[in-house]
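Trainee:
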Amino acid sequence: MPPVLDYPPNYILFLNNLPEETNEMMLSMLFNQFPGFKEVCLVPGRHDIAFVEFENDGQAGAARDALQGFKITTSHAMKITYAKK
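For what it's worth, the working numbering labels the leading residue of the sequence shown as 1013, then goes sequentially.
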């Protein structure tokens, strides 16, 4: 997997390469296991991207590191970066 370009640490994560069937509940269940999870925001009209908010950048970083490349489906490995401020 090529390196993922990233922005400086931030409490909001940007997810991409999500499958079309991804929904807010699926992502909430996945990220809710990490301390500091606040909410998931899907982007209207874009099934392949979403934002996940945490209480601080350390908590966001822990979730990012743990779930980087997580396969939601067999053909979609999620890419996670810090959101652009």
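Glycine is no exception: its CB is placed at the ideal position from the N, C-alpha and C atoms. A quick note: this is a predicted structure, and the numbers were derived from the prediction, not measured.
To the nearest angstrom, how far is it from the Cα of P1014 to the Cα of Q1080?
Mentor: Position 2 of the sequence shown, counted from the start, is the residue given in the question as residue 1014. Position 68 of the sequence shown, counted from the start, is the residue given in the question as residue 1080. At P1014 the pLDDT is 49, less than 50, meaning the model places this residue with poor confidence and gives no usable figure here.
Trainee: What's the C-alpha gap between K1083 and A1062?
Mentor: Position 71 of the sequence shown, counted from the first residue, corresponds to residue 1083. Position 50 of the sequence shown, counted from the first residue, corresponds to residue 1062. Cα to Cα, the separation comes out at about 15 angstroms.
Trainee: Between the C-alpha atoms of A1089 and N1029, what's the straight-line distance to the nearest angstrom?
Mentor: Along the sequence shown, read from residue 1 onward, the residue named residue 1089 stands at position 77. Along the sequence shown, read from residue 1 onward, the residue named residue 1029 stands at position 17. Looking at the two C-alpha atoms, the distance is approximately 7 angstroms.
Trainee: Rounded to the nearest angstrom, what separates E1067 and H1059 at their Cα positions?
Mentor: Within the sequence shown, the letter at position 55 stands for residue 1067. Within the sequence shown, the letter at position 47 stands for residue 1059. Near 25 angstroms, if we compare the C-alpha coordinates of H1059 and E1067.
Trainee: Which whole-angstrom value describes the C-beta separation of Y1019 and T1093, a residue pair presumed to lie in contact below a C-beta threshold of 8 angstroms?
Mentor: Translated into the one-based positions of the sequence shown, residue 1019 becomes position 7. Translated into the one-based positions of the sequence shown, residue 1093 becomes position 81. The Cβ separation is near 6 angstroms, so the contact holds.
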